[in-house]
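One structure is given here, and the rest of the page talks about it.
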Amino acid sequence: MTAPTRTPELLELAARYGVATDYHDWRGEHVDVSAETLIAVLRALDVDATTDEGVRDALTALDERPWRRGAPATTVVVAGSGADVAVHVPDGAAVEVVVALESGEERSTEQIDNWTPPREVDGVRLGEASFRLPDDLPLGWHRVVARIAADAAPPEAAELLGYAALRGRARRRNRGEAEAPAETAPAPLEASGALIVAPAAPSRTVDEAGWGLMAQLYQARSAGSWGIGDLADLRAIGEWGAGRGAGFVLVNPFHAPSPVTPIEPSPYLPTSRRFMDPSIIRIDDAAAGLELEPQVAQRLDELASYAKQQNAADVIDRDAAWLAKREALGHLFVAARAQGGERWNDFGRYVDEQGEGLIDFATWSALCEQAGPAWQDWPEELRDPRAETVEAFRQQHADRVEFYCWVQFVIREQSDATQRALREAGMPIGVMHDLAVGVHPSGADAWALRGELARGVSVGAPPDAFNQLGQNWSQPPLRPDALERTGYAPLRDMLRASFAGAGALRIDHILGLFRLWWIPEGAGADEGTYIAYDHEATLGVLLLEAERAGALVVGEDLGVVSDLTREQMAARRIYGTQIMWFEQEPDGAPKRPEHYREECLATVTTHDLPPTAGYLELAHVALRDRLGLLTRPVEEELASERALLDGYVRVLREEGLVGDAPTTEELVEALHRRMAGCASRLFGVALADLAGDRRSINQPGTYREHPNWTLPLADPDGRVLPLEELLASPLAARLAEASQRR
27 MTAPTRTPEL LELAARYGVA TDYHDWRGEH VDVSAETLIA VLRALDVDAT TDEGVRDALT
87 ALDERPWRRG APATTVVVAG SGADVAVHVP DGAAVEVVVA LESGEERSTE QIDNWTPPRE
147 VDGVRLGEAS FRLPDDLPLG WHRVVARIAA DAAPPEAAEL LGYAALRGRA RRRNRGEAEA
207 PAETAPAPLE ASGALIVAPA APSRTVDEAG WGLMAQLYQA RSAGSWGIGD LADLRAIGEW
267 GAGRGAGFVL VNPFHAPSPV TPIEPSPYLP TSRRFMDPSI IRIDDAAAGL ELEPQVAQRL
327 DELASYAKQQ NAADVIDRDA AWLAKREALG HLFVAARAQG GERWNDFGRY VDEQGEGLID
387 FATWSALCEQ AGPAWQDWPE ELRDPRAETV EAFRQQHADR VEFYCWVQFV IREQSDATQR
447 ALREAGMPIG VMHDLAVGVH PSGADAWALR GELARGVSVG APPDAFNQLG QNWSQPPLRP
507 DALERTGYAP LRDMLRASFA GAGALRIDHI LGLFRLWWIP EGAGADEGTY IAYDHEATLG
567 VLLLEAERAG ALVVGEDLGV VSDLTREQMA ARRIYGTQIM WFEQEPDGAP KRPEHYREEC
627 LATVTTHDLP PTAGYLELAH VALRDRLGLL TRPVEEELAS ERALLDGYVR VLREEGLVGD
687 APTTEELVEA LHRRMAGCAS RLFGVALADL AGDRRSINQP GTYREHPNWT LPLADPDGRV
747 LPLEELLASP LAARLAEASQ RR
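Going by this note's numbering, the sequence shown opens with residue 27, and the numbers climb by one from there.
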């Protein structure tokens, strides 16, 4: 079989779909993307590019696509700027365009000249008209509505363009508008699309340079934990930090994992980014105010005793912790429903507010208990959340579906309470949530959003200096065309959930709002290509939800980053990320603190590296050598890393921060003291550094070869460190003092 070639038509088709046909790698070298990769990525967008005829047909379909809608699917504007929109009608039909505000009111628009000639699509002659939107629209989720007379469109034209009569829904009058007389003519036909009015930048900023903590919360186990760190532990960490001037606590993603064991330990490979991990619930707080039967109270005590025994284990057993919590929550759910009252009414309001998304997630969770965690292995009739069989299951297992809804309500209760407590303790930001790049391909979001996620590809990263083979994260990406078609609702819902209970949001791999590295199924991580997203739209959705939450946005912008990404982040006041170990001056010397970006979260280390003490002792080189991950001889790797560390020690000596023979702990403290003087507005200190831990919490490029995401906090000797001891330790106090901004 002849290998496909990069024909001009294929390259044009790929480019028009936002698929990169070439790029520059981390070395600056030009790379042409293979025809095989282009065809595979286009296939994931439901485009057949396997033949020349298929490519030509796809190009024609692209030309016709905007003409097959009465109103554009999605329009995104910056508040105060206005915009022009084009609508389509049967040729010659008069059309009115209004903006339907989310408040229910309508705003008129001004028609402007449009000399685009008519076009015939599927035998129907169509025209185009343009309208100017008002430039004083309020922030929000609105709609552009095109209206034509009922007799202006033959049925085939109305169907083609999506015009329909809206029955049973009266238009809300604007203030001061007279009541319309009773209508005798047929209702007009309407076609509409989403209109998102977003701020140019969030109004929330960092007024003064501050520092904060970074916690992998599951690691931080106290005497009250059930084998895994929870929201009560987060509150203790935050209040301790607030007492020492810390302004925030950045946590690992709290996204929901599978409700059945074995549970995936990585918080960056969740089942859903729209709902949260129930293992962060503090059971004692969930039980507060509930009247429990004696036998139930006794069983909860037994579960607590069993779960708390896991606090001393040197590996976190997520399965054991969740099974104990799930049983306990089941008992509490029954008690809460029987007791009723205002809290139960609050739960009902929460369910109404969350709507179909929550019901789908809870249904999927209940289905997992019956059919297993991978929806691809379920009977065909259960793979579609809108299928009649799924609705029948939902009705038959209504109690279990309601239970999983209630669990999410409890998380929201405790998350909101934690954020309030940290703000009351004096933190200007409080909790900073972390948003993962994607979801597990067999999880809840992949089931509920099948039409919005691409199949046959996964998200990853191209090769770079630190991961020279590239990375495949095994996560299905959101389709850019589906986001536009749905008015960016999946992105909105995910962001809204992530901002809840937080004062800031860190977005892992924020480059994904601009472009993502798609890897075809069966290909190597270096055989992918970039696909572009409408960054004006994705940033607009992000900033609108940030504004409504009153929150800051921090983007992780490490690795290969385009100039456009950096420019847009600066213009839209999205804070970036800088890791000390990755930052050098042009001559290779450690970056001077005053040369760090101002609107940035600066840190010494990150969760993909060992804690600072471990890095100084070259633990990462020893680990990667043992796991066979080095791309050059270990002697060369050690020499390179020692040269880097020698440069830091030399600078610390020159600046008078250490003596001639500093200990590891003295170097850790000195590095933090130096970084506390950097220009960045935000400075993050890892909880593992407060503990003096040496071990890598995650080693990229591994799965089960290293106990990723399962190690509890440990002291410098490797002993499991309870949270109470950490917060009372002189080492933690010294590092907190060293991290005060100067």
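Glycine residues also receive a C-beta, built at the ideal position from the N, C-alpha and C atoms.
- A Cβ-Cβ separation of about 18 Å leaves W390 out of contact with A462 under the 8 Å criterion.
- With 16 or more other CB atoms across the displayed protein chains lying within 10 angstroms of its CB, D715 is buried.
- In this structure, P304 and P293 do not form a Cβ contact; the two beta carbons are roughly 13 Å apart against a cut-off of 8 Å.
- For M453, there is no enclosing alpha helix (DSSP H), as DSSP marks it with neither H nor E.
- Note: A362 is not bridge-paired with any residue in the DSSP secondary-structure output.
- DSSP places C626 inside the beta strand (DSSP E), whose first and last residues are C626 to T629.
- In the structure shown, L316 adopts coil according to DSSP, grouped into three states.
- As a beta-bridge residue in DSSP terms, S218 pairs with V171.
- One thing to note: V104 has its Cβ within 9 Å of the Cβ of A226.
- DSSP, reduced to helix, strand and coil, places P546 within a strand of the structure shown.
- Scanning its chain for C-beta atoms nearer than 6 Å, with the 5 sequence neighbours on each side dropped, one finds around C704 the residues P619, Y622 and A628, in chain order.
- For W390, the three-state secondary structure derived from DSSP is helix.
- Straight-line measurement puts the Cα of T135 at about 7 Å from the Cα of V125.
- It is roughly 43 Å from the alpha-carbon of R768 to the alpha-carbon of G108.
- Of the candidates G673, A338, N724 and S706, the residue whose Cα lies closest to the Cα of A615 is G673.
- By a beta-carbon distance limit of 8 Å, P164 contacts L127. Their separation comes to about 7 Å.
- With fewer than 16 other CB atoms across the displayed protein chains lying within 10 angstroms of its CB, H56 is exposed.
- About 12 Å separates the beta carbons of S468 and S484, which is beyond the 8 Å limit, so they are not a contact pair.
- DSSP links M240 through a beta bridge to L276 and A712.
- Judged by DSSP secondary structure, G566 falls within the alpha helix (DSSP H) whose first and last residues are H561 to A575.
- Comparing alpha carbon positions, the residue from L88, A66, H281 and R145 closest to M520 is H281.
- Each residue's CA atom was taken as its position, placing L655 and Q365 some 56 Å apart.
- Beta-bridge analysis with DSSP links V104 to A224.
- For V124, there is no enclosing alpha helix (DSSP H); the enclosing beta strand (DSSP E) covers residues E122 to A126.
- Per the Cβ contact rule, the region 214 to 231 is in contact with the region 89 to 105 (3 or more Cβ pairs under 8 Å).
- For a cut-off of 8 Å, the C-beta gap from A480 to W543 is around 13 Å, too long to register as a contact.
- Here R299 is near D471, since their CB atoms are less than 9 Å apart.
- The DSSP-derived three-state label of W473 is helix.
- The beta carbon of V586 is closer than 7 Å to those of W52, P488 and D490 in its chain, skipping five residues each way along the sequence.
- The residue among Q380, R420 and G374 with its C-alpha nearest the C-alpha of Q396 is R420.
- In the DSSP assignment, M595 falls within the alpha helix (DSSP H) that extends over D589 to A597.
- Cβ contact annotation for V675 (same chain, cutoff 8 Å, sequence separation greater than five): V684, P688 and L693, in chain order.
- For R270, the three-state secondary structure derived from DSSP is coil.
- Between P288 and V465, the CB-CB gap reaches or exceeds 9 Å.
- One Cα belongs to A451, the other to R700, and the distance between them is close to 27 Å.
- Bounds of the beta strand (DSSP E) holding T603 are G602 to I605.
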